[in-house]
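Chains A and B are the protein sequences, given in the same order.
Counting from 1, position 45 in the first sequence corresponds to residue 49 in our numbering; the numbering is continuous, with no gaps.
Counting from 1, position 381 in the second sequence corresponds to residue 1584 in our numbering; the numbering is continuous, with no gaps.
Scroll down for the structure; my scribbles are underneath it.
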Amino acid sequence: MRILIIEDDKEAASYLVKAFRETGHVADHAADGLDGYAMAEAGDYDVLVVDRMLPKLDGLSLIRSLREQKVETPVLILSALGQVDDRVKGLRAGGDDYLPKPYAFSELLARVEVLSRRRSSAPSAEPTVYRVADLELDRLSHRVTRSGQEILLQPREFRLLEYLMKNANQVVTRTMLLEHVWDYHFDPQTNVIDVHVSRLRSKIDKGFDKPLIHTIRGAGYMVRVGSMEDEE
Amino acid sequence: MTGLGKLFRTTAFKLSFAYLVVFTLFAFVTLGYVAWSAQKLLTDQFVSTIESEINGLAQQYRNGGLRRLVNVVERRSRTPGASLYLVTTNVGERVVGNVGALPPGVIDRVGQFETFYNRTDETDTKPNVALVRVYLLPGGFRLLVGRDIEERIRLRDVIHKAIGYSLLFIGVLGCLGSWFIARRVLKRVDDMTDITRDIMAGDLDGRLKVAGTGDELDRLAQNLNDMLDRIGELMRGMREVSDNIAHDLKTPLTRLRNKADEALRTAKTQDELKAALEATIEESDNLIRIFNALLMIARLEAGNAREALAGFDAAEAVRDVAELYEAVAEEVGVTLDVAVESGLPIHGSRELLGQAMANLLDNALKYGAAPDGSAQTIAVSAQRIGQEVRIAVADRGPGIPEEERSHVLERFVRLETARSRPGFGLGLSLAAAVARLHEGRLVLEDNAPGLRVVLFLPLKEAPAPQAALPSAA
């Protein structure tokens, strides 16, 4: 995955570049809004990570200009202004996701990966049925089956599983789940999300050989076939 | 700028000067009118005196002929302060009268006019001015009667002089007055400027002098002083908060530092180092959480989030958060008893209300355990009471003693009994700040036993579009 980081803080930028490279991605860096704009327009990036406060051209204007130029690369906005209205402004400017500083890298990585995947699959081509191994989720009839056996889920559990399966084989963090399933953006301080996931897990995985919902330590959850080395 | 230049530029001076000009003009017009009236009055009097004398003398002439006229004129001429008389023949030869030299041709001009003359009984050769009237008597004789108008001219001169002096006097006094007033005002404004400059330079205890006259400068000074008091109060509050923050962040930061230090000294294996690093990251995350919570409270209190407010259904938000916490409550053996009236439109932020509710439920789960360990219930309710929405989270725990209730709403305050549990003492502060942002309030009540936290938010019947979210089952 090719990632462009547009961030004026040198230390933060080099930390991000290094961390992305360590996780097997290609990461470039632009130190101000104009450079960032030029690189984003010219280069073929999968995701842009854009700081809101940038010299020469601020983050939101940069995104707006890119969108006007029909550059549809997904954008994740990083901002020290973690307020409700800031998020709204960021998304309205054409950003695809918003992460307030400070953040954990695992959170950023998970979000960037989900964004890049969203790009490679056209939104209209979103399947009506998600399949992971023998687990099936029908988005239209709201039916979930595993090995042909119907599993009854509460509406919220259904949305939880839907989001996990939509992003199968990718890490989904707790805040991402809170955002997409409950539509809240605060930091779930207690283990509220974990309990919901473990309830879902008991319905999906209990009685089957291969668990599908995996806990990724220090990051979040993932739906995938096969075991994970760093699973708890 | 020179002192004088500064003086001329003051509003007080300009105003005084404008008044001075207007007043001077007014005085000039008034005095001028008085002078003109006095002159006119005098002239009218002269004219009527001359008129009646001529009529009288003409009568004498008609009754007694020239002899009679001469006698009368001679007699009258001798009385003190007499008018001027002259009787001549038709060719201008003098017959009788107290008028000596006249400019040539005067006696031939019938009618009323002003002319120079000399009296016969005066040796003074300087001619005087008189208002005269020449009357043609039957038989060709001419009769001249007149009044000396030197008096009138003197009066005019006196009045003119008076006007001049008055104007000069007004001008000088006015200028002095303007200068004095401007100086006085300027001095007070200069004092204010000096004091405010001192305050800007850091002397925050400085206050403007209030003269006690109750004028507009006093009111201004009083208002500025009140403003400075208010700013001082806010600054003290800020300092208190930042002191608190510094103090409360010091503890976890020290712990963080010590842990890292200890690991560096004592850890022998890679795994031990890794564990220490992980603990360090966790501790840092906690610090970040504290910072975020503090920032959020600060922003809410500054009212910055006001523009992000919109209409939404509080009932739905409360139900959503309750549903979010239901699972975790069940896990620890607590039943959430949710009683939410449907359709509670308010104007605010669903996100922030959600966060506040999450904090309250979090608190209830952490601290709301019954002392005897019996089956637990946390009651979540939301209903409409008059023009307000009342949202309550009630537990059956030890509660909060009444005298502590207002105290626990402050930042970083944690009760002794809570110190052993994780937390920062910011949850209630944030919920209270959210309530204030919504123009509502947060109240702590006795749930007998237990604590009941109640949010009162103003109901807003605006046609809030119902969110098309599937309701929590």
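The beta-carbon is built from N, C-alpha and C at its ideal position, and this holds for glycine as well.
Listing by chain order, which chain B residues have their CB less than 8 Å from the CB of residue i?
| i | result |
| --- | --- |
| D191(A) | R1492 and N1495 |
| R203(A) | A1530 |
Which residues of chain B have a Cβ atom closer than 9 Å to the Cβ of residue i, listed in chain order?
| i | result |
| --- | --- |
| Y266(A) | Residue 266(A) falls outside the range modelled here, since chain A spans only 5 to 236, and no answer is possible. |
| R96(A) | Residues of chain B passing the Cβ test: none, with the nearest at roughly 12 Å. |
| P106(A) | S1487, D1488, I1491, F1494 and N1495 |
| R147(A) | Those do not exist, as R147(A) stays about 16 Å from chain B at its closest Cβ, beyond 9 Å. |
For residue i and residue j, I'd like the C-alpha separation in whole angstroms.
| i | j | result |
| --- | --- | --- |
| P1652(B) | A1597(B) | 10 Å |
| R1644(B) | A114(A) | 39 Å |
| K1364(B) | V1250(B) | 26 Å |
| R1410(B) | K105(A) | 42 Å |
| G1557(B) | A1520(B) | 6 Å |
| L182(A) | Y188(A) | 6 Å |
| N171(A) | M1430(B) | 57 Å |
| G1300(B) | L1272(B) | 11 Å |
| S151(A) | A1634(B) | 46 Å |
| R1593(B) | V1583(B) | 11 Å |
| L8(A) | E166(A) | 30 Å |
| F24(A) | Y41(A) | 20 Å |
| L1376(B) | R1422(B) | 29 Å |
| G1402(B) | L1539(B) | The sequence shown places Ile at residue 1402(B), not Gly. Approximately 56 Å, taken between the alpha carbons. |
| P59(A) | R1391(B) | 47 Å |
| M180(A) | L38(A) | 31 Å |
| G1235(B) | I1366(B) | 8 Å |
| D1247(B) | G1208(B) | 53 Å |
| L1389(B) | G1415(B) | 17 Å |
| R1458(B) | I208(A) | 42 Å |
| E45(A) | L70(A) | 7 Å |
| V1224(B) | T1233(B) | 14 Å |
Is residue i close to chain B, meaning its C-beta is less than 9 Å from at least one C-beta of that chain?
| i | result |
| --- | --- |
| H29(A) | no |
| A23(A) | no |
| L82(A) | no |
| R2(A) | With chain A covering 5 to 236 only, the question about residue 2(A) has no answer from this structure. |
| L182(A) | yes |
| R160(A) | yes |
| G37(A) | no |
| G222(A) | yes |
Cβ closer than 7 Å: which chain A residues qualify as neighbours of residue i?
| i | result |
| --- | --- |
| V1531(B) | T194, N195, V196 and V199 |
| E1534(B) | V199 |
| D1523(B) | W186 |
Could one say the Cβ of residue i lies closer than 9 Å to chain A's Cβ atoms, at least one of them?
| i | result |
| --- | --- |
| Y1528(B) | yes |
| E1475(B) | no |
| A1561(B) | yes |
| E1481(B) | yes |
| L1568(B) | yes |
Using 10 angstroms around the beta-carbon of residue i, count the other beta-carbons present and answer buried if the total reaches 16, otherwise exposed.
| i | result |
| --- | --- |
| I1748(B) | The requested residue 1748(B) does not occur in the structure, where chain B is confined to residues 1204 to 1676. |
| E1443(B) | exposed |
| L1497(B) | buried |
| K74(A) | exposed |
| Q1473(B) | exposed |
| W186(A) | buried |
| R1468(B) | exposed |
| S206(A) | exposed |
| R1336(B) | buried |
| Y1264(B) | buried |
| L112(A) | buried |
| P1548(B) | buried |
| D198(A) | buried |
| Q1579(B) | buried |
| T132(A) | exposed |
Note down, in chain order, every chain B residue with its Cβ under 7 Å from the Cβ of residue i.
| i | result |
| --- | --- |
| Y188(A) | E1554 and G1557 |
Sorted by chain position, which residues of the same chain lie with C-beta nearer than 6 Å to residue i's C-beta, five sequence neighbours on each side aside?
| i | result |
| --- | --- |
| H1641(B) | G1551 and L1660 |
| G1555(B) | It is worth fixing the name first, because residue 1555(B) is Leu in this sequence and not Gly. Excluding positions up to five away in sequence, the list reads V1637. |
Closer than 8 Å by C-beta to residue i: which residues in its own chain qualify, once you throw out the five before and the five after it? Chain order, please.
| i | result |
| --- | --- |
| V136(A) | M169, A172, L216, V227, R228 and V229 |
| G1600(B) | A1567, Y1570, G1571, A1572, A1573, P1574, P1652, G1653 and L1654 |
| V1302(B) | L1287, Y1288, L1289, Y1320, N1321, R1322, T1323, L1347 and G1349 |
| T1227(B) | L1370, I1373, G1374 and G1377 |
| R121(A) | N171 and Q174 |
Apart from the five residues just before and just after residue i, which ones in its own chain have a Cβ nearer than 7 Å to its Cβ?
| i | result |
| --- | --- |
| S1609(B) | none |
| D138(A) | R150 and S151 |
| L119(A) | V51, P78, L80, D100 and D101 |
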